[in-house]
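In my numbering, the protein residues as written are 456 to 1215.
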């Protein structure tokens, strides 16, 4: 697959994230196993010190009794979510949703929710376009003042209201079977009267790695045994457990599916209906082909932080929650694999307490005394009501949604967007918490029956994403075996060509995954094309044509160091030692070398805002054909009046030494540096410049541009116009090359270019 095709598919897969973020999460459960409440005597190793035992058991004991002290309370909750579109050169705002609602929670009645504002915008489709946003509706979980904060992880992704939570909470009875607890440092919490309270941290250690367990830190008040803050992440990233479904129960019902493993029969959230438990042949065929063609995805709920406050110095109530996660394609665990940047997501909500009615107290003036009164006071003619109050059990939710949804989408009561105001826990604190959570690891004594298999096998032929075609191998059939070690993975990938009988393309890669970086160590015999690209790999794509002489075999070893999986690959280092063999001439070259690349971007992320960035990379190779290959590129995006913008880009690339043909720089074919020419031109020295004037038209931008490139002896020019989609993530350009007295080089033509991941 070419880089352009790979990034285009990445853009397509981003669309499926939107479905996941809008409540299509379902769960699949294999044969259930029974689990009774486990007496503490059966888990004597759960508490690793006496302080942890006292705090956790005290916290569990006081939660239900503390709930009895509050009859009802009213509050305003503001929630928002944001997703960014990933790019090798820059990330862009993608989805922005906000919701404001007033609710009344009662211990003995359903919660009544009145939606005050609900707006959804997609900045890539225009800054003025706003739609109604149903939201994750987190008030269902945040309304209960003593609701379990460990249920927020999947709640933010649209877990059905009637379902039991997927997460096995450290606060539930019998949690000692799944967790170990260790006390730690203290934290100072400032109260509303400026007093300082000291709370003690307790580290929650999962006994095994599962998406149903968490790695957590709880900060507990040692006097009242109440939570002041809790931070956690999933004990395992979601990868093999996740699959896509186009059909379910004989119908087209697109969505995402989680296989959560063995569970209690009481976990109604994980029970499948009969149509899901016994999928038909067509369902299995369609879903199998779809999942076999798409890359496997990795989804991580990396950090959730919930803060509590002491209201009027009497009641600990939830104040805010910050949720962060990401999704990315999980297919690049090879020496030459393309690692797409992640799709980062942020969700947060804040609770503004208006009134608390203690047990037996009178209701304050202006506050609804009952759920029925709240429904009567807040409902207007034409409003829609979800559910019937009299038929809804305590703990359920009845929501009032005003009829004018367009007014909700543009309401002044909506919270500011994530890009306008980064409220909640600051980034530095979140990064520190995320690092501490990632370092927790796993404990001892986990039930082997509930531990997910560490193996993943992609069978040959049926895994369509491992098929490829090129003039050397013809059709190449691939297979892959992976082993998860917790600290990282090992992946063995083999491809067998059908053109002739020879040794397969084979790759063994070990991945060491750390909070601050990822390290890949690979041993391989790999087919490469003649253009090594910036990373020096040149892996053939899904479908490649051309002359077999443009390819070569490479075998050797490499080490790659990249940013964490949750961050854009803005900094990378590669060390290699390999032997290349030309297919046409059988010439061999032995090389050792290193390469480093940097891709920064500064400025506001909002569409049309001022920004700048670029890339710089250097690769040095010793042995046969010693050389140094370097490039530096910069770009500026300048906002102009009438919502127009001007993009300016300049770059220089150079090769010093004795490079082989495939080590030279190449422009003109892909259109990345030069558009409007029929073929590519190779050179050891290239300079380029580009101007791009854009104006938004509804959901896209109209672009007028000019390109200039020089190889030192020849100059190339082009003029054109294009349509820019999703703020530059994808664009279609029509360019006309200009000869300007030039005699040689590629022919200047009128040509269409489909580009992705552009600066602007």
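Even glycine gets a Cβ: it sits at the ideal position worked out from N, Cα and C. Predicted, not measured: the structure shown is a model, and the values here were computed from it.
DSSP three-state label for residue i, please.
{"i": "residue 833", "result": "helix"}
{"i": "residue 741", "result": "helix"}
{"i": "residue 1079", "result": "coil"}
{"i": "residue 847", "result": "coil"}
{"i": "residue 607", "result": "helix"}
{"i": "residue 1127", "result": "coil"}
{"i": "residue 677", "result": "coil"}
{"i": "residue 920", "result": "helix"}
{"i": "residue 657", "result": "strand"}
{"i": "residue 1166", "result": "coil"}
{"i": "residue 776", "result": "strand"}
{"i": "residue 1065", "result": "coil"}
{"i": "residue 1096", "result": "helix"}
{"i": "residue 636", "result": "strand"}
{"i": "residue 1183", "result": "helix"}
{"i": "residue 1171", "result": "strand"}
{"i": "residue 839", "result": "strand"}
{"i": "residue 467", "result": "Unreliable placement is indicated for residue 467, whose pLDDT of 37 sits below 50; the coordinate value is still reported in the next sentence. Helix, per DSSP."}
{"i": "residue 799", "result": "strand"}
{"i": "residue 630", "result": "helix"}
{"i": "residue 710", "result": "strand"}
{"i": "residue 1073", "result": "strand"}
{"i": "residue 546", "result": "coil"}
{"i": "residue 641", "result": "strand"}
{"i": "residue 513", "result": "helix"}
Taking Cβ to Cβ, would you say residue i is nearer than 8 Å to residue j?
{"i": "residue 795", "j": "residue 541", "result": "yes"}
{"i": "residue 1175", "j": "residue 1189", "result": "yes"}
{"i": "residue 1040", "j": "residue 926", "result": "no"}
{"i": "residue 1123", "j": "residue 1135", "result": "yes"}
{"i": "residue 1099", "j": "residue 1149", "result": "yes"}
{"i": "residue 638", "j": "residue 655", "result": "yes"}
{"i": "residue 1068", "j": "residue 545", "result": "yes"}
{"i": "residue 854", "j": "residue 866", "result": "no"}
{"i": "residue 564", "j": "residue 823", "result": "no"}
{"i": "residue 897", "j": "residue 662", "result": "yes"}
{"i": "residue 810", "j": "residue 816", "result": "no"}
{"i": "residue 510", "j": "residue 734", "result": "no"}
{"i": "residue 506", "j": "residue 531", "result": "no"}
{"i": "residue 562", "j": "residue 603", "result": "no"}
What residues match up with residue i in a beta bridge as DSSP calls it?
{"i": "residue 569", "result": "557 and 855"}
{"i": "residue 1136", "result": "1122"}
{"i": "residue 1218", "result": "The requested residue 1218 does not occur in the structure, where the chain is confined to residues 456 to 1215."}
{"i": "residue 498", "result": "The partner list for residue 498 (beta bridge, DSSP) is empty, contrary to what the question assumes."}
{"i": "residue 1031", "result": "1013 and 1048"}
{"i": "residue 534", "result": "554 and 804"}
{"i": "residue 666", "result": "Per DSSP, none; premise fails for residue 666."}
{"i": "residue 810", "result": "529"}
{"i": "residue 960", "result": "950"}
{"i": "residue 1025", "result": "DSSP output for residue 1025 lists no bridge partner at all."}
What's the gap between the Cα of residue i and the Cα of residue j?
{"i": "residue 746", "j": "residue 797", "result": "19 Å"}
{"i": "residue 514", "j": "residue 947", "result": "47 Å"}
{"i": "residue 1052", "j": "residue 1074", "result": "9 Å"}
{"i": "residue 524", "j": "residue 769", "result": "10 Å"}
{"i": "residue 673", "j": "residue 962", "result": "43 Å"}
{"i": "residue 1172", "j": "residue 1084", "result": "24 Å"}
{"i": "residue 894", "j": "residue 970", "result": "8 Å"}
{"i": "residue 1109", "j": "residue 1118", "result": "10 Å"}
{"i": "residue 1016", "j": "residue 996", "result": "23 Å"}
{"i": "residue 1132", "j": "residue 1195", "result": "13 Å"}
{"i": "residue 880", "j": "residue 1092", "result": "30 Å"}
{"i": "residue 590", "j": "residue 804", "result": "11 Å"}
{"i": "residue 644", "j": "residue 885", "result": "17 Å"}
{"i": "residue 944", "j": "residue 978", "result": "14 Å"}
{"i": "residue 750", "j": "residue 741", "result": "16 Å"}
{"i": "residue 683", "j": "residue 982", "result": "56 Å"}
{"i": "residue 1096", "j": "residue 1090", "result": "20 Å"}
{"i": "residue 862", "j": "residue 1019", "result": "41 Å"}
{"i": "residue 764", "j": "residue 1014", "result": "48 Å"}
{"i": "residue 1006", "j": "residue 1027", "result": "25 Å"}
Below 8 Å, can you find three or more Cβ-Cβ pairs linking the region 678 to 687 to the region 750 to 762?
yes
Does the count of Cβ pairs from the region 1064 to 1084 and the region 1036 to 1053 closer than 8 Å reach three?
yes
Segment contact, 8 Å Cβ cut-off, at least three pairs: the region 773 to 792 with the region 562 to 578:
no
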